[in-house]
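Everything on this sheet refers to the single structure shown next.
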Amino acid sequence: MSGWGGGYVTDVTYLAQHYPEQSPHMLAAACVVSGVDPGFTGEAPGLHYLELGCGRGMNALVVAAGNPRWRVTAIDFTPAAIAEGRRTAAAAGLENITFIEADLAGFAETVEARALPEADFVSMHGVWSWVPVAVRAGIVRLLAAKLRAGGVVHVSYNVLPGLQGALGMQRLIRAAGGALAQRSDRQVLAGRQVVMDLVAAEALHLRTPVVTELLRHLEKAPVEYLAHEFMNATWAPCFQADVAEALADAKLELVASAKLPENFLGLMLAPAQIAVLERFDDPRLRELVKDICVDRALRHDVYVRGPQRLDRAVQDSLLRGMTLALTVLPGNFAYQIEMPAGRATLGEGFYGPAVAALAFGPRQVGELMTLPGQTGSSDNPAELVAMLVGTGQAALLPWPDAAPSGGAMRLNAVLARQVVRLDGLNRTTVAASARMGGGLVCRAVELFLLERIAEAGGGLDPGVWALELAPDLPVEDLNVLRGQLQKVVEDRLPIWRSVGAI
(Lines of atoms letter the chains of each structure in order from A and count residues from 1; the text may use other names and numbers.)
(Lines give C-alpha, C1' and ligand atoms only; values in the text may rest on other atoms or scores of the structure.)
Protein backbone atom coordinates (compact mmCIF):
# COMPACT_ATOMS: atom_id res chain seq x y z
CA MET A 1 0.00 0.00 0.00
CA SER A 2 1.38 3.44 -0.89
CA GLY A 3 2.26 5.71 2.04
CA TRP A 4 0.27 8.68 0.69
CA GLY A 5 -3.00 6.72 0.87
CA GLY A 6 -3.54 7.29 4.60
CA GLY A 7 -4.63 3.67 5.08
CA TYR A 8 -6.74 3.53 1.91
CA VAL A 9 -5.80 0.97 -0.74
CA THR A 10 -3.92 2.75 -3.54
CA ASP A 11 -1.58 0.11 -4.95
CA VAL A 12 -4.44 -1.79 -6.63
CA THR A 13 -6.89 0.11 -8.83
CA TYR A 14 -10.56 -0.53 -8.11
CA LEU A 15 -12.73 -2.30 -10.66
CA ALA A 16 -14.35 -0.23 -13.41
CA GLN A 17 -17.98 -0.78 -12.44
CA HIS A 18 -21.38 0.79 -12.98
CA TYR A 19 -24.14 0.86 -10.38
CA PRO A 20 -27.68 1.72 -11.56
CA GLU A 21 -28.42 3.29 -8.17
CA GLN A 22 -26.00 6.11 -9.07
CA SER A 23 -27.96 7.16 -12.14
CA PRO A 24 -29.41 10.66 -11.67
CA HIS A 25 -32.61 9.44 -13.31
CA MET A 26 -32.87 6.51 -10.88
CA LEU A 27 -32.39 8.98 -8.03
CA ALA A 28 -35.07 11.25 -9.48
CA ALA A 29 -37.41 8.25 -9.80
CA ALA A 30 -36.72 7.28 -6.17
CA CYS A 31 -37.70 10.79 -5.12
CA VAL A 32 -40.94 10.72 -7.12
CA VAL A 33 -41.84 7.21 -5.92
CA SER A 34 -41.43 8.55 -2.37
CA GLY A 35 -43.47 11.68 -3.07
CA VAL A 36 -40.59 14.18 -3.26
CA ASP A 37 -39.88 16.67 -6.05
CA PRO A 38 -36.53 15.77 -7.71
CA GLY A 39 -36.18 19.35 -8.91
CA PHE A 40 -36.09 19.06 -12.68
CA THR A 41 -38.44 18.38 -15.57
CA GLY A 42 -38.11 17.99 -19.32
CA GLU A 43 -34.64 17.80 -20.82
CA ALA A 44 -33.22 20.10 -18.13
CA PRO A 45 -30.14 21.33 -20.03
CA GLY A 46 -27.19 22.47 -17.97
CA LEU A 47 -27.68 20.27 -14.91
CA HIS A 48 -24.55 19.41 -12.96
CA TYR A 49 -23.86 15.84 -11.79
CA LEU A 50 -21.03 15.43 -9.28
CA GLU A 51 -19.52 12.08 -8.34
CA LEU A 52 -17.30 11.80 -5.28
CA GLY A 53 -14.91 8.85 -5.20
CA CYS A 54 -15.43 8.10 -8.88
CA GLY A 55 -12.67 5.48 -9.18
CA ARG A 56 -11.89 4.81 -12.83
CA GLY A 57 -14.93 6.82 -13.85
CA MET A 58 -17.21 4.21 -15.40
CA ASN A 59 -20.40 5.61 -13.86
CA ALA A 60 -19.51 9.26 -14.49
CA LEU A 61 -18.58 8.52 -18.11
CA VAL A 62 -21.91 6.79 -18.73
CA VAL A 63 -23.82 9.73 -17.20
CA ALA A 64 -21.88 12.17 -19.39
CA ALA A 65 -22.46 10.12 -22.54
CA GLY A 66 -26.15 9.67 -21.79
CA ASN A 67 -26.78 13.34 -20.93
CA PRO A 68 -24.70 15.36 -23.42
CA ARG A 69 -26.30 18.66 -22.39
CA TRP A 70 -25.34 18.19 -18.74
CA ARG A 71 -22.06 18.89 -16.98
CA VAL A 72 -20.39 16.02 -15.12
CA THR A 73 -17.59 16.35 -12.57
CA ALA A 74 -15.84 13.25 -11.23
CA ILE A 75 -13.45 13.39 -8.26
CA ASP A 76 -11.08 10.79 -6.83
CA PHE A 77 -7.80 11.03 -4.98
CA THR A 78 -6.14 8.11 -6.81
CA PRO A 79 -4.02 9.47 -9.70
CA ALA A 80 -4.09 6.23 -11.70
CA ALA A 81 -7.90 6.14 -11.62
CA ILE A 82 -8.23 9.78 -12.69
CA ALA A 83 -5.69 9.29 -15.49
CA GLU A 84 -7.67 6.33 -16.83
CA GLY A 85 -10.95 8.25 -16.65
CA ARG A 86 -9.45 11.14 -18.60
CA ARG A 87 -8.03 8.82 -21.26
CA THR A 88 -11.38 7.09 -21.73
CA ALA A 89 -13.24 10.42 -21.94
CA ALA A 90 -10.78 11.72 -24.53
CA ALA A 91 -10.98 8.52 -26.59
CA ALA A 92 -14.80 8.74 -26.58
CA GLY A 93 -14.78 12.45 -27.39
CA LEU A 94 -16.78 13.36 -24.27
CA GLU A 95 -16.34 17.08 -23.68
CA ASN A 96 -18.92 17.52 -20.91
CA ILE A 97 -16.99 15.65 -18.20
CA THR A 98 -14.13 16.82 -15.99
CA PHE A 99 -11.98 14.52 -13.86
CA ILE A 100 -10.36 16.05 -10.78
CA GLU A 101 -7.67 14.45 -8.64
CA ALA A 102 -8.27 15.67 -5.09
CA ASP A 103 -8.36 14.65 -1.45
CA LEU A 104 -11.93 15.27 -0.30
CA ALA A 105 -10.72 16.00 3.23
CA GLY A 106 -9.71 19.49 2.13
CA PHE A 107 -11.16 19.93 -1.35
CA ALA A 108 -14.10 22.13 -0.30
CA GLU A 109 -11.72 24.96 0.61
CA THR A 110 -9.77 24.95 -2.68
CA VAL A 111 -9.99 27.39 -5.59
CA GLU A 112 -10.94 24.45 -7.82
CA ALA A 113 -13.94 23.62 -5.64
CA ARG A 114 -15.08 27.23 -5.43
CA ALA A 115 -15.06 27.36 -9.25
CA LEU A 116 -17.50 24.46 -9.58
CA PRO A 117 -21.15 25.29 -10.29
CA GLU A 118 -23.82 24.19 -7.86
CA ALA A 119 -24.53 20.47 -8.12
CA ASP A 120 -28.01 19.17 -8.87
CA PHE A 121 -27.10 15.53 -8.19
CA VAL A 122 -24.25 14.13 -6.10
CA SER A 123 -23.40 10.45 -5.86
CA MET A 124 -20.84 8.64 -3.73
CA HIS A 125 -20.74 4.88 -3.85
CA GLY A 126 -18.29 2.86 -1.79
CA VAL A 127 -16.88 5.96 -0.09
CA TRP A 128 -18.54 6.91 3.20
CA SER A 129 -17.82 3.82 5.32
CA TRP A 130 -14.37 3.26 3.79
CA VAL A 131 -12.71 6.64 4.38
CA PRO A 132 -11.37 8.46 7.48
CA VAL A 133 -13.50 10.81 9.58
CA ALA A 134 -11.63 13.80 8.12
CA VAL A 135 -12.71 12.84 4.61
CA ARG A 136 -16.34 12.45 5.69
CA ALA A 137 -16.20 15.89 7.27
CA GLY A 138 -14.72 17.31 4.07
CA ILE A 139 -17.53 15.74 2.05
CA VAL A 140 -20.14 17.38 4.29
CA ARG A 141 -18.47 20.79 3.91
CA LEU A 142 -18.41 20.34 0.12
CA LEU A 143 -22.10 19.42 0.06
CA ALA A 144 -22.94 22.41 2.26
CA ALA A 145 -21.10 24.71 -0.13
CA LYS A 146 -21.96 23.23 -3.51
CA LEU A 147 -25.29 21.35 -3.45
CA ARG A 148 -28.17 23.51 -4.66
CA ALA A 149 -31.31 23.92 -2.60
CA GLY A 150 -33.48 20.96 -3.55
CA GLY A 151 -30.42 19.04 -4.76
CA VAL A 152 -30.27 15.25 -4.51
CA VAL A 153 -27.50 13.19 -2.87
CA HIS A 154 -26.93 9.44 -3.13
CA VAL A 155 -24.72 7.82 -0.50
CA SER A 156 -24.05 4.12 -0.13
CA TYR A 157 -22.40 2.64 2.93
CA ASN A 158 -21.95 -0.57 4.86
CA VAL A 159 -24.58 -0.55 7.54
CA LEU A 160 -24.89 -1.67 11.15
CA PRO A 161 -26.15 -3.88 12.65
CA GLY A 162 -26.19 -5.87 9.39
CA LEU A 163 -22.40 -6.15 9.25
CA GLN A 164 -21.56 -6.28 12.95
CA GLY A 165 -20.87 -10.01 12.65
CA ALA A 166 -18.24 -9.33 9.97
CA LEU A 167 -16.10 -6.88 11.93
CA GLY A 168 -13.84 -9.60 13.32
CA MET A 169 -13.48 -11.28 9.94
CA GLN A 170 -12.43 -8.05 8.22
CA ARG A 171 -9.95 -7.26 10.99
CA LEU A 172 -8.45 -10.74 10.66
CA ILE A 173 -8.20 -10.57 6.87
CA ARG A 174 -6.45 -7.22 7.04
CA ALA A 175 -4.09 -8.05 9.91
CA ALA A 176 -3.17 -11.54 8.73
CA GLY A 177 -2.81 -10.43 5.12
CA GLY A 178 -0.57 -7.55 6.14
CA ALA A 179 1.68 -9.96 8.02
CA LEU A 180 1.96 -12.41 5.12
CA ALA A 181 2.30 -10.25 1.99
CA GLN A 182 3.21 -6.77 0.77
CA ARG A 183 0.85 -5.79 -2.05
CA SER A 184 -2.85 -5.29 -1.22
CA ASP A 185 -4.16 -7.87 -3.70
CA ARG A 186 -1.79 -10.51 -2.32
CA GLN A 187 -2.56 -9.48 1.24
CA VAL A 188 -6.30 -9.96 0.83
CA LEU A 189 -5.81 -13.40 -0.73
CA ALA A 190 -3.48 -14.44 2.09
CA GLY A 191 -5.89 -13.10 4.70
CA ARG A 192 -8.81 -14.85 3.03
CA GLN A 193 -6.95 -18.15 3.20
CA VAL A 194 -6.38 -17.71 6.94
CA VAL A 195 -10.11 -17.12 7.39
CA MET A 196 -10.99 -20.16 5.29
CA ASP A 197 -8.59 -22.32 7.32
CA LEU A 198 -10.19 -21.13 10.55
CA VAL A 199 -13.65 -21.82 9.16
CA ALA A 200 -12.52 -25.38 8.46
CA ALA A 201 -11.23 -25.49 12.04
CA GLU A 202 -14.72 -24.44 13.26
CA ALA A 203 -13.73 -21.05 14.69
CA LEU A 204 -16.78 -19.88 16.66
CA HIS A 205 -17.07 -16.31 15.39
CA LEU A 206 -16.68 -17.32 11.75
CA ARG A 207 -19.79 -19.50 11.85
CA THR A 208 -22.42 -16.73 11.86
CA PRO A 209 -24.87 -16.39 8.93
CA VAL A 210 -23.46 -13.02 7.85
CA VAL A 211 -19.90 -14.38 7.73
CA THR A 212 -21.02 -17.51 5.90
CA GLU A 213 -22.69 -15.38 3.23
CA LEU A 214 -19.68 -13.08 2.94
CA LEU A 215 -17.36 -16.06 2.55
CA ARG A 216 -19.42 -17.29 -0.41
CA HIS A 217 -18.94 -13.86 -1.92
CA LEU A 218 -15.22 -13.88 -1.09
CA GLU A 219 -14.69 -17.06 -3.08
CA LYS A 220 -16.06 -15.56 -6.32
CA ALA A 221 -15.25 -11.83 -6.19
CA PRO A 222 -12.34 -10.34 -8.19
CA VAL A 223 -9.24 -9.65 -6.15
CA GLU A 224 -9.33 -5.91 -6.98
CA TYR A 225 -12.76 -5.71 -5.36
CA LEU A 226 -11.65 -7.71 -2.32
CA ALA A 227 -8.59 -5.53 -1.75
CA HIS A 228 -10.69 -2.36 -1.60
CA GLU A 229 -13.43 -4.00 0.48
CA PHE A 230 -11.25 -5.58 3.15
CA MET A 231 -7.80 -3.96 3.23
CA ASN A 232 -8.69 -0.33 4.00
CA ALA A 233 -7.50 0.71 7.46
CA THR A 234 -10.44 3.04 8.06
CA TRP A 235 -13.33 0.74 7.04
CA ALA A 236 -16.15 1.35 9.52
CA PRO A 237 -19.77 0.25 8.94
CA CYS A 238 -22.24 2.85 10.17
CA PHE A 239 -25.65 3.13 11.74
CA GLN A 240 -28.01 5.07 9.48
CA ALA A 241 -28.71 7.58 12.25
CA ASP A 242 -25.02 8.49 12.44
CA VAL A 243 -24.85 9.09 8.68
CA ALA A 244 -28.02 11.19 8.84
CA GLU A 245 -26.63 13.23 11.73
CA ALA A 246 -23.43 13.98 9.81
CA LEU A 247 -25.27 14.95 6.63
CA ALA A 248 -27.66 17.17 8.59
CA ASP A 249 -24.79 19.67 8.82
CA ALA A 250 -25.29 20.14 5.05
CA LYS A 251 -29.07 20.50 5.63
CA LEU A 252 -29.80 17.11 4.07
CA GLU A 253 -32.84 14.94 4.86
CA LEU A 254 -33.34 11.27 4.04
CA VAL A 255 -36.19 10.86 1.54
CA ALA A 256 -35.83 7.47 -0.16
CA SER A 257 -33.78 4.42 -1.05
CA ALA A 258 -32.21 4.31 -4.51
CA LYS A 259 -33.24 0.63 -4.60
CA LEU A 260 -36.85 1.33 -5.55
CA PRO A 261 -38.64 -1.68 -3.96
CA GLU A 262 -37.11 -0.77 -0.59
CA ASN A 263 -39.41 2.27 -0.47
CA PHE A 264 -42.41 0.00 0.18
CA LEU A 265 -42.56 -0.92 3.85
CA GLY A 266 -44.70 -4.00 3.23
CA LEU A 267 -41.92 -5.48 1.07
CA MET A 268 -39.30 -4.89 3.76
CA LEU A 269 -40.95 -5.89 7.04
CA ALA A 270 -43.45 -8.41 8.36
CA PRO A 271 -46.74 -6.99 9.72
CA ALA A 272 -45.67 -7.48 13.35
CA GLN A 273 -42.42 -5.63 12.66
CA ILE A 274 -44.29 -2.78 10.99
CA ALA A 275 -46.50 -2.51 14.07
CA VAL A 276 -43.41 -1.88 16.22
CA LEU A 277 -41.95 0.60 13.73
CA GLU A 278 -45.22 2.56 13.64
CA ARG A 279 -44.81 3.43 17.33
CA PHE A 280 -42.19 5.99 16.29
CA ASP A 281 -42.38 9.26 14.38
CA ASP A 282 -38.63 9.92 14.44
CA PRO A 283 -37.36 8.83 10.98
CA ARG A 284 -33.99 7.76 12.38
CA LEU A 285 -35.63 5.47 14.90
CA ARG A 286 -37.85 4.05 12.18
CA GLU A 287 -34.81 3.32 10.03
CA LEU A 288 -33.04 1.69 12.99
CA VAL A 289 -36.01 -0.62 13.57
CA LYS A 290 -35.96 -1.47 9.87
CA ASP A 291 -32.22 -2.21 9.90
CA ILE A 292 -32.61 -4.36 13.01
CA CYS A 293 -35.17 -6.48 11.18
CA VAL A 294 -33.60 -6.69 7.72
CA ASP A 295 -30.58 -8.69 6.54
CA ARG A 296 -28.83 -5.83 4.75
CA ALA A 297 -25.12 -5.07 4.47
CA LEU A 298 -25.31 -2.02 2.19
CA ARG A 299 -27.70 0.91 2.10
CA HIS A 300 -28.28 3.15 -0.93
CA ASP A 301 -29.78 6.25 0.69
CA VAL A 302 -31.18 9.27 -1.13
CA TYR A 303 -31.03 12.64 0.64
CA VAL A 304 -32.40 16.00 -0.49
CA ARG A 305 -31.43 19.47 0.64
CA GLY A 306 -34.80 20.99 1.51
CA PRO A 307 -37.19 18.34 0.15
CA GLN A 308 -40.44 19.59 -1.40
CA ARG A 309 -43.34 17.17 -1.03
CA LEU A 310 -45.38 16.46 -4.13
CA ASP A 311 -49.13 16.75 -4.22
CA ARG A 312 -50.55 13.26 -4.80
CA ALA A 313 -52.04 14.27 -8.17
CA VAL A 314 -48.70 15.73 -9.33
CA GLN A 315 -46.84 12.64 -8.15
CA ASP A 316 -49.31 10.42 -9.99
CA SER A 317 -48.92 12.48 -13.18
CA LEU A 318 -45.12 12.33 -13.05
CA LEU A 319 -45.14 8.58 -12.53
CA ARG A 320 -47.67 7.91 -15.29
CA GLY A 321 -45.61 10.03 -17.66
CA MET A 322 -42.45 7.93 -17.18
CA THR A 323 -41.43 5.76 -20.14
CA LEU A 324 -40.15 2.22 -19.58
CA ALA A 325 -38.44 -0.34 -21.79
CA LEU A 326 -38.15 -4.06 -21.12
CA THR A 327 -34.60 -5.30 -20.41
CA VAL A 328 -35.35 -9.04 -20.30
CA LEU A 329 -37.05 -11.41 -22.69
CA PRO A 330 -40.79 -11.63 -21.93
CA GLY A 331 -40.44 -15.37 -21.34
CA ASN A 332 -37.73 -14.73 -18.75
CA PHE A 333 -39.69 -12.14 -16.78
CA ALA A 334 -39.72 -13.05 -13.07
CA TYR A 335 -43.11 -12.71 -11.41
CA GLN A 336 -41.77 -13.98 -8.07
CA ILE A 337 -39.40 -11.54 -6.34
CA GLU A 338 -37.51 -12.30 -3.13
CA MET A 339 -37.77 -9.40 -0.69
CA PRO A 340 -36.82 -9.08 3.01
CA ALA A 341 -40.45 -9.55 4.06
CA GLY A 342 -40.72 -12.70 1.94
CA ARG A 343 -41.56 -13.58 -1.63
CA ALA A 344 -43.50 -10.89 -3.49
CA THR A 345 -45.74 -12.00 -6.34
CA LEU A 346 -46.34 -9.76 -9.32
CA GLY A 347 -49.84 -10.75 -10.38
CA GLU A 348 -49.72 -12.05 -13.93
CA GLY A 349 -53.23 -10.78 -14.57
CA PHE A 350 -51.95 -7.22 -14.23
CA TYR A 351 -48.23 -7.46 -15.01
CA GLY A 352 -48.53 -10.04 -17.81
CA PRO A 353 -50.25 -7.66 -20.27
CA ALA A 354 -47.76 -4.93 -19.30
CA VAL A 355 -44.83 -7.21 -20.10
CA ALA A 356 -46.48 -8.24 -23.37
CA ALA A 357 -46.96 -4.59 -24.36
CA LEU A 358 -43.35 -3.74 -23.50
CA ALA A 359 -42.19 -6.60 -25.72
CA PHE A 360 -43.25 -4.44 -28.68
CA GLY A 361 -41.33 -1.40 -27.50
CA PRO A 362 -41.20 1.34 -24.85
CA ARG A 363 -44.45 2.40 -23.20
CA GLN A 364 -45.51 5.08 -20.76
CA VAL A 365 -46.51 3.92 -17.30
CA GLY A 366 -49.97 5.40 -17.79
CA GLU A 367 -50.49 3.11 -20.79
CA LEU A 368 -49.26 0.08 -18.87
CA MET A 369 -51.81 0.73 -16.13
CA THR A 370 -54.84 0.58 -18.46
CA LEU A 371 -54.24 -2.22 -20.96
CA PRO A 372 -57.03 -4.35 -22.42
CA GLY A 373 -57.40 -7.67 -20.66
CA GLN A 374 -55.70 -6.61 -17.43
CA THR A 375 -57.16 -8.06 -14.25
CA GLY A 376 -56.42 -7.19 -10.67
CA SER A 377 -55.54 -3.71 -11.86
CA SER A 378 -53.53 -1.40 -9.63
CA ASP A 379 -54.10 2.30 -9.05
CA ASN A 380 -50.54 2.75 -7.78
CA PRO A 381 -48.09 3.70 -10.56
CA ALA A 382 -45.29 3.96 -7.99
CA GLU A 383 -45.59 0.22 -7.39
CA LEU A 384 -45.38 -0.58 -11.10
CA VAL A 385 -42.29 1.59 -11.59
CA ALA A 386 -40.59 0.17 -8.50
CA MET A 387 -41.28 -3.46 -9.33
CA LEU A 388 -40.33 -3.25 -13.01
CA VAL A 389 -37.35 -0.90 -12.78
CA GLY A 390 -36.25 -1.81 -9.27
CA THR A 391 -35.93 -5.49 -10.15
CA GLY A 392 -33.82 -4.67 -13.22
CA GLN A 393 -36.44 -6.04 -15.61
CA ALA A 394 -37.22 -2.66 -17.16
CA ALA A 395 -35.29 0.55 -17.74
CA LEU A 396 -36.32 4.15 -17.29
CA LEU A 397 -36.17 6.16 -20.52
CA PRO A 398 -36.11 9.83 -19.46
CA TRP A 399 -35.35 10.86 -23.05
CA PRO A 400 -37.50 8.30 -24.98
CA ASP A 401 -37.29 10.14 -28.31
CA ALA A 402 -33.51 10.49 -28.31
CA ALA A 403 -31.67 8.90 -31.21
CA PRO A 404 -28.60 6.81 -30.42
CA SER A 405 -26.09 9.56 -29.62
CA GLY A 406 -22.56 9.93 -30.86
CA GLY A 407 -21.16 10.21 -27.35
CA ALA A 408 -22.87 7.07 -26.07
CA MET A 409 -21.92 5.03 -29.13
CA ARG A 410 -18.33 6.27 -29.04
CA LEU A 411 -18.03 5.38 -25.36
CA ASN A 412 -19.46 1.93 -26.03
CA ALA A 413 -16.91 1.43 -28.80
CA VAL A 414 -14.05 2.45 -26.49
CA LEU A 415 -15.27 0.14 -23.73
CA ALA A 416 -15.78 -2.70 -26.22
CA ARG A 417 -12.18 -2.47 -27.37
CA GLN A 418 -11.12 -3.01 -23.76
CA VAL A 419 -12.96 -6.35 -23.49
CA VAL A 420 -12.23 -8.17 -26.75
CA ARG A 421 -10.94 -11.25 -24.98
CA LEU A 422 -12.60 -14.63 -25.13
CA ASP A 423 -12.08 -15.23 -21.41
CA GLY A 424 -13.73 -11.94 -20.38
CA LEU A 425 -16.93 -11.91 -22.39
CA ASN A 426 -19.24 -12.84 -19.51
CA ARG A 427 -18.11 -10.21 -17.04
CA THR A 428 -20.63 -7.54 -16.12
CA THR A 429 -20.24 -4.10 -17.66
CA VAL A 430 -22.47 -1.34 -19.03
CA ALA A 431 -23.62 0.06 -22.37
CA ALA A 432 -24.28 3.81 -22.51
CA SER A 433 -27.67 4.93 -23.79
CA ALA A 434 -28.93 8.42 -24.64
CA ARG A 435 -32.55 7.36 -24.08
CA MET A 436 -31.73 6.05 -20.61
CA GLY A 437 -29.59 9.07 -19.79
CA GLY A 438 -27.22 6.48 -18.38
CA GLY A 439 -26.37 2.86 -18.94
CA LEU A 440 -27.79 -0.60 -19.45
CA VAL A 441 -26.13 -3.27 -17.32
CA CYS A 442 -24.95 -5.98 -19.69
CA ARG A 443 -22.26 -8.56 -20.35
CA ALA A 444 -19.02 -7.64 -22.07
CA VAL A 445 -19.99 -9.77 -25.07
CA GLU A 446 -22.94 -7.42 -25.62
CA LEU A 447 -20.64 -4.40 -25.80
CA PHE A 448 -18.47 -6.26 -28.30
CA LEU A 449 -21.50 -7.09 -30.46
CA LEU A 450 -22.97 -3.59 -30.20
CA GLU A 451 -19.72 -2.11 -31.46
CA ARG A 452 -19.45 -4.60 -34.31
CA ILE A 453 -23.06 -4.06 -35.43
CA ALA A 454 -22.63 -0.28 -35.33
CA GLU A 455 -19.36 -0.54 -37.25
CA ALA A 456 -21.04 -2.69 -39.91
CA GLY A 457 -23.97 -0.29 -40.29
CA GLY A 458 -26.40 -2.78 -38.80
CA GLY A 459 -25.09 -5.86 -40.58
CA LEU A 460 -24.87 -9.17 -38.74
CA ASP A 461 -22.00 -11.59 -39.29
CA PRO A 462 -21.47 -13.83 -36.22
CA GLY A 463 -19.01 -16.02 -38.12
CA VAL A 464 -16.61 -13.12 -38.67
CA TRP A 465 -17.03 -11.98 -35.07
CA ALA A 466 -16.28 -15.46 -33.72
CA LEU A 467 -13.12 -15.61 -35.82
CA GLU A 468 -12.07 -12.19 -34.54
CA LEU A 469 -12.51 -13.27 -30.94
CA ALA A 470 -10.80 -16.65 -31.24
CA PRO A 471 -8.84 -17.09 -34.49
CA ASP A 472 -7.02 -20.16 -33.15
CA LEU A 473 -10.07 -22.17 -32.09
CA PRO A 474 -10.73 -25.49 -33.87
CA VAL A 475 -13.50 -25.28 -36.48
CA GLU A 476 -15.99 -27.18 -34.30
CA ASP A 477 -15.46 -24.84 -31.34
CA LEU A 478 -15.56 -21.83 -33.64
CA ASN A 479 -18.98 -22.92 -34.89
CA VAL A 480 -20.19 -23.27 -31.31
CA LEU A 481 -18.97 -19.75 -30.54
CA ARG A 482 -20.65 -18.42 -33.69
CA GLY A 483 -23.93 -19.97 -32.57
CA GLN A 484 -23.57 -18.45 -29.11
CA LEU A 485 -22.97 -14.99 -30.56
CA GLN A 486 -25.95 -15.40 -32.89
CA LYS A 487 -28.15 -16.30 -29.90
CA VAL A 488 -27.02 -13.24 -27.95
CA VAL A 489 -27.89 -11.01 -30.91
CA GLU A 490 -31.31 -12.63 -31.36
CA ASP A 491 -32.14 -12.26 -27.67
CA ARG A 492 -30.71 -8.81 -27.01
CA LEU A 493 -30.99 -6.81 -30.24
CA PRO A 494 -34.65 -5.83 -29.62
CA ILE A 495 -33.69 -4.66 -26.13
CA TRP A 496 -30.69 -2.68 -27.39
CA ARG A 497 -32.96 -0.96 -29.89
CA SER A 498 -35.64 -0.20 -27.30
CA VAL A 499 -33.22 1.55 -24.97
CA GLY A 500 -31.44 3.33 -27.81
CA ALA A 501 -28.07 1.64 -27.39
CA ILE A 502 -28.01 1.06 -31.15
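Using the numbering used here, you'd call the opening residue of the sequence shown number 39 and step up by one each time. The C-beta atom is built at its ideal place from N, Cα and C for all residues, glycine as well.
For residue i, I'd like the list of residues in its chain whose CB is within less than 7 Å of its CB, leaving aside the five on either flank, ordered along the chain.
i	result
Val165	Leu90 and Gly91
Ala424	Val71, Leu298, Pro299, Asn301 and Phe302
Ile135	Ala98, Leu99, Ala102, Val110, Ala112 and Ala127
Ala5	Residue 5 cannot be examined here, being either before or after the span of the chain that is shown, 39 to 540.
Leu523	Leu487, Pro500, Trp503 and Ala504
Pro275	Ser167, Asn196, Val197, Leu198 and Leu201
Asp529	Leu367
Leu511	Leu519
Pro206	The question names Pro, but residue 206 is Gly in the sequence shown. If we look at Gly206 and ignore the five residues flanking it on each side, its Cβ neighbours are His243.
Leu426	Leu362 and Ala432
Ser355	none
Pro117	Glu139
Gln374	Arg381 and Thr383
Leu227	Val261
Pro321	Leu292
Gln55	Met96
Ala543	No answer is possible for residue 543: the residues shown for the chain start at 39 and end at 540.
Ile312	Leu303
Leu409	Pro391, Ala392 and Ala395
Could you work out which residue in the options is closest to residue i when comparing CA atoms only?
i	options	result
Ala103	Val74, Ala128 and Asp158	Ala128
Ala121	Glu251, Ala433 and Arg94	Arg94
Gly131	Ala204, Arg465 and Gly444	Gly444
Met234	Leu210, Arg221 and Arg224	Leu210
Gly462	Glu484, Asp354 and Leu449	Glu484
Val74	Glu291, Leu185 and Leu218	Glu291
Val293	Ile312, Leu244, Val340 and His266	Val340
Val327	Ala279, Gln353, Asp349 and Leu357	Ala279
Val527	Val513, Arg481 and Gly84	Arg481
Gly108	Ala213, Val249, Ser161 and Gly475	For the record, residue 108 in the displayed sequence is Trp; it is not Gly. When each option's Cα is compared against that of Trp108, the closest is Gly475.
Pro378	His192, Ala146, Met306 and Leu348	Met306
Ala271	Gly176, Ala119, Ala313 and Pro170	Pro170
Val191	Val513, Trp534, His338 and Gly430	His338
Ala286	Pro391, Ala182, Ala259 and Ala335	Ala182
Asn105	Ala119, Glu133 and Arg124	Glu133
Ile533	Leu435, Asn464, Arg455 and Pro391	Leu435
Leu336	Val281, Arg324 and Ala351	Val281
Gly404	Ala372, Leu357 and Asp333	Leu357
Write down the C-beta distance between residue i and residue j rounded to the nearest angstrom, noting that I regard them as a contact closer than 8 Å.
i	j	result
Pro442	Ala472	6 Å
Ala440	Gly538	6 Å
Gly188	Gln346	7 Å
Lys289	Arg254	With 8 Å as the limit, Lys289 and Arg254 do not qualify as a contact, their Cβ atoms being about 41 Å apart.
Asp363	Ala432	Before going on, a small fix: residue 363 reads as Ala here, not Asp. Indeed they touch by this definition, with Cβ atoms about 6 Å apart.
Leu180	Ala151	6 Å
Leu88	Ala296	Not confirmed; about 16 Å, so no contact.
Ala157	Arg186	7 Å
Gly359	Gln402	6 Å
Ala492	Ile540	6 Å
Phe268	Gln231	Actually they are not in contact, since the Cβ atoms of Phe268 and Gln231 sit about 13 Å apart, beyond 8 Å.
Gly123	Phe145	About 17 Å; that fails the 8 Å criterion.
Ala219	Ala172	Contact doesn't hold; Cβ gap of about 28 Å is too wide.
Give me, in chain order, the residues of the same chain whose beta-carbon lies closer than 6 Å to that of residue i; leave out the 5 immediate sequence neighbours on both sides.
i	result
His163	Tyr57, Gln60 and Ser194
Arg448	Ala130 and Gly131
Thr246	Gly203
Leu516	Ala504
Leu453	Leu485
Leu252	Ala204
Val248	Gly203 and Ala204
Leu531	none
Ala308	Ala379
Pro83	Arg107
Phe137	Ala112, Ile120, Gly123 and Arg124
I'd like to confirm something about residue i: is its beta-carbon nearer than 7 Å to some heavy atom of the ligand GDP, or not?
i	result
Arg94	Inclusion of the ligand GDP in the displayed structure is not the case, the ligand content being empty and no account of it being possible.
What residues in its chain sit with their C-beta under 8 Å from that of residue i, if we drop five residues either side in the sequence?
i	result
Glu421	Phe302
Gly497	Ile491
Phe78	Ala66, Leu85 and Asp158
#### Entry: Those runs of the beta strand (DSSP E) which lie wholly inside the segment 276 to 304 and span at least 3 residues
290 to 295
### Message
Does the segment 353 to 368 come into contact with the segment 383 to 403, if we say contact requires no fewer than three beta-carbon pairs (one atom in each stretch) closer than 8 Å?
### Response
yes
#### Entry: Stretch-stretch touch, CB-based, cutoff 8 Å, three pairs: the segment 409 to 419 with the segment 382 to 392
yes
### Uninterrupted beta strand (DSSP E) stretches inside the segment 322 to 409 (no shorter than 3 residues)
336 to 343, 361 to 364, 374 to 377 and 380 to 383
### Query
Enumerated in chain order, which unbroken segments of the alpha helix (DSSP H) with a length of 4 residues or greater are wholly contained in the segment 192 to 264?
205 to 218, 222 to 238 and 247 to 258
### Query
What are the complete alpha helix (DSSP H) segments, minimum 4 residues, inside the segment 169 to 193?
Segments of the alpha helix (DSSP H) lying fully in the segment 169 to 193: 171 to 184.
### Start-end ranges of the beta strand (DSSP E) lying completely within the segment 59 to 107, minimum 3 residues
Taking 3 residues as the minimum length, the beta strand (DSSP E) runs contained wholly in the segment 59 to 107 are 86 to 90, in order along the chain.
### Query
What residue ranges within the segment 463 to 503 form continuous alpha helix (DSSP H) runs of no fewer than 4 residues, ordered along the chain?
482 to 493
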